[in-house]
Each structure stands twice: as C-alpha cells, then as structure tokens.
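Let me begin by presenting the structure, written as structure tokens, before commenting on it.
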Amino acid sequence: MSQSNSSKQSVLFLCTENSARSQMAEVLLRNKAGEIFDVYSAGIAPKDIDPRTINCLQKFNLPITELSAKHIAEFTDKTFDYVITLCERANNECRAYKGALLQLAWDIADPKVMVGLEPFVATLYELDKRLDMFIDVHGNINNLQSHQYVPLCSSTISDQDNELSIDPSIFYKCLTDQIRLKTLMLTNYYGELCVCELMVALQEQSQPKVSRNLAVLKKAGIITDRKHGQWVFYQINPRLPQWSKTIISTTTESNLHLIINSLKRLATMHKRPNKLSFCS
-1 MSQSNSSKQS VLFLCTENSA RSQMAEVLLR NKAGEIFDVY SAGIAPKDID
49 PRTINCLQKF NLPITELSAK HIAEFTDKTF DYVITLCERA NNECRAYKGA
99 LLQLAWDIAD PKVMVGLEPF VATLYELDKR LDMFIDVHGN INNLQSHQYV
149 PLCSSTISDQ DNELSIDPSI FYKCLTDQIR LKTLMLTNYY GELCVCELMV
199 ALQEQSQPKV SRNLAVLKKA GIITDRKHGQ WVFYQINPRL PQWSKTIIST
249 TTESNLHLII NSLKRLATMH KRPNKLSFCS
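As structure tokens, this is what we get:
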C-alpha cells in the first residue's frame, strides 16, 4: 500500500528543513518520471523554501507551483514504496523509517551553506544523475514518455575544511578489487549496508573474505562503520574529498549493469537487519 491510491510507486524525500535538496529532488523526479512515481518531500525541522531553490528550478524551466515545506509528521502512518534521505541528520533520525518499504540514504551536500546560486545548480546536477540511476533500477524505463530536459552543469560543491586527506594512489588501488569496487558502488547506492547484506548482494559465501575487503576500505578512510546491536553497518566516508566521491558516484551511475543483479538480490533478501529508527 503506497501513499497514493494510484497504481504508481510512491517516493518520499527527506532532509532536515525541506527547503532545498528534498524540494529539488521532488520536482526533478516528478518531471522525469511522474507517470510512474507519486513524489513527496518533507523535513525533520522544516523552514521556508530557500529563494535560491526556486531560482535554480526556474533556471532549468522546472515547475515550481504548489511547492511548500512540510513536516515529516504530515506523513505519519503513511506507507511509501521508497523513502530517500538526503542528509546525515535525516538518515540518523529516520534510519529505518517505519513507512518505508525500501529506504535509501544519499549523502547530498547542503547548498544553503554556500554563497550564491551556483551551489544549488551543482546540487541539482548531482540529484539529476542520482535520479537517473534510481529510475533505471526501480522504474520501468520502457513506459517512460520521452521528455526534453536541459543537461545540467557538472560543477560540484564540497566542504573543504572538513575533508579527509587521502592518497590518490591508495584510493585507486582500492578500486582494483571486484569485491571492494562493487561494495563501494552498492553502498553509494543504498547509503548503508552490513556484511550479511553485502554477502547476499555479491553472492559471497565467505564472510571473512568480505570483511577483509571492508577492512581495507576502512583503513584507507574510504568507508566508515557504526555498530547497532549485533550488526555493523558501513557507508561511504562523508569526509572523503569531493573528487573521490564524484569518482565513486560516476562509476556507479555509468556502470549500473555491474551491480544490477546485486540490487535485485538485495531487494528480495529476507530478514534484512533493522537499522533503527528514531522517527515517531
């Protein structure tokens, strides 16, 4: 049962204020694939929509009518096919949103902390590429109507003061192993995965083998982990420099065929670990 009574799949984007990233994601997905997705957005602590969000959407001739900031409480007791968190706070507070049939966590930098319109254009570009990948995996692309869409610029934003220093030779060496490469692609897509999920996705019977490769990535600073109960969850290190995040994202987006079967196996995996939700 989805949020809408229609036969469309439903998607809820969550971020802190519902004033920039989640609003842009809602407009983009509705514009790209509104015929197969009912799209919504909300915030943990909503504020007025940033004027630069509106200006950015208008810059690319995207519709801005009926946009408003909404609190997550408006969707209490509603079920969505997909819930996608776009910031660390939303992911931490709604790590296992009870109304989600499938939840994804995308680490999208906050454009509001930057000056001017360009950071918003960069965020829109990043969301555009992510949503193309999302549609390829979860939407019936053959049923999509062709649409004219202006390519967005490829500029990126980063918080350089908080970035980790990483040796490029070590970073690229970590990508030479199939398990490590696909692990990064899968965690880039899902946001967070544990060892048992990676074993199913990669069809690896040896937990020590998967764990050894995770240890290599963690030692290099490319991934981080957190423990919840008996489970240890891994994610792309939020402090990675922007160039390395871009490489991981672009590799995933351009080579989705390498992990499409892994994504399907995860989608049908039984008894996946609970990531803990603080949402009421």
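Here my numbering is used: position 232 in the sequence shown is 230, and no number is missing along the way.
Glycine residues also receive a C-beta, built at the ideal position from the N, C-alpha and C atoms.
So, do the region 14 to 29 and the region 52 to 63 have three or more beta carbon pairs nearer to each other than 8 angstroms?
Taking a contact to require three or more Cβ pairs closer than 8 angstroms, the region 14 to 29 and the region 52 to 63 qualify as touching.
Assuming Ile164 and Leu215 make a contact with CB atoms under 8 angstroms, what is their CB distance in whole Å?
That belief does not hold up - the Cβ atoms of Ile164 and Leu215 are roughly 11 angstroms apart, past 8 angstroms.
In whole angstroms, what is the alpha-carbon distance linking Ala218 and Lys243?
C-alpha of Ala218 to C-alpha of Lys243: approximately 14 angstroms in a straight line.
Segments of 4+ residues assigned as alpha helix (DSSP H) that fall wholly inside the region 174 to 230
Those alpha helix (DSSP H) runs which fall completely within the region 174 to 230 and span 4+ residues are 176 to 188, 193 to 200, 205 to 217.
Given a cut-off of 8 angstroms, decide if Gly41 and Ile82 are closer than it, judged by their beta-carbon atoms.
Not closer than 8 angstroms, so no.
Let me know if Lys45 comes out buried or exposed under the rule of 16 or more other beta-carbons within 10 Å of its beta-carbon.
Lys45 should be labelled exposed.
By Cβ distance, which residues of its chain are closer than 6 angstroms to Glu118, with the 5 residues on each side in sequence left out?
Strictly speaking, residue 118 in this sequence is Phe, with Glu absent from that position. So the qualifying residues of the chain are Arg50, Cys54, Pro109.
So, using beta-carbon positions, are Asn89 and Ala107 closer together than 8 angstroms?
Going by C-beta atoms, Asn89 is not nearer than 8 angstroms to Ala107.
Of the residues Cys85, Leu264, Phe78, the one placed nearest Leu99, counting alpha carbons only
Checking every option, the nearest Cα to that of Leu99 belongs to Phe78.
Simplified DSSP assignment, three categories, for Phe11:
Strand, per DSSP.
Applying the 10 Å Cβ sphere with the 16-neighbour rule, what's the burial state of His136?
Buried, since its Cβ has 16 or more Cβ neighbours within 10 Å.
Spatial neighbours of Ile52 within its chain, please: CB distance less than 6 angstroms, with the 5 preceding and 5 following residues excluded, ordered by chain position.
So the qualifying residues of the chain are Ile62.
Exposed or buried, what is Gln228 when buried is set at 16 or more other beta-carbons lying within 10 Å of its beta-carbon?
Counting the other CB atoms within 10 Å of its CB gives Gln228 a total below 16, which places it among the exposed residues.
Kindly identify the DSSP beta-bridge partner or partners of Ala40.
Leu12.
Asp223 versus Gln233 - alpha carbon distance:
Cα to Cα, Asp223 sits roughly 6 angstroms from Gln233.
Where does Gly97 land, buried or exposed, given buried means 16+ other C-beta within 10 angstroms?
Answer is buried; the Cβ neighbour count reaches 16.
Should Glu195 be labelled buried (16 or more other beta-carbon atoms within 10 Å of its own) or exposed?
Glu195 should be labelled buried.
Please return the same chain residues whose Cβ sits closer than 7 angstroms to the Cβ of Val198, not counting the five positions on each side in sequence.
The residues are Arg263, Leu264, Met267.
Is Pro117 helix, strand or coil when you go by DSSP?
Three-state DSSP puts Pro117 in a helix.
Glu33 and Asp130 - do their beta-carbons sit closer together than 8 angstroms?
No.
Count the other CB atoms, across all protein chains shown, that sit within 10 Å of the CB of Ser260; report buried if there are 16 or more and exposed otherwise.
With 16 or more other Cβ atoms inside 10 Å of its own Cβ, Ser260 counts as buried.
Mind checking who Thr77 pairs with in its DSSP beta bridge?
Answer by DSSP bridge pairing: none, since Thr77 is not bridged.
Where does Gly189 land, buried or exposed, given buried means 16+ other C-beta within 10 angstroms?
Buried: at least 16 other Cβ atoms inside 10 Å.
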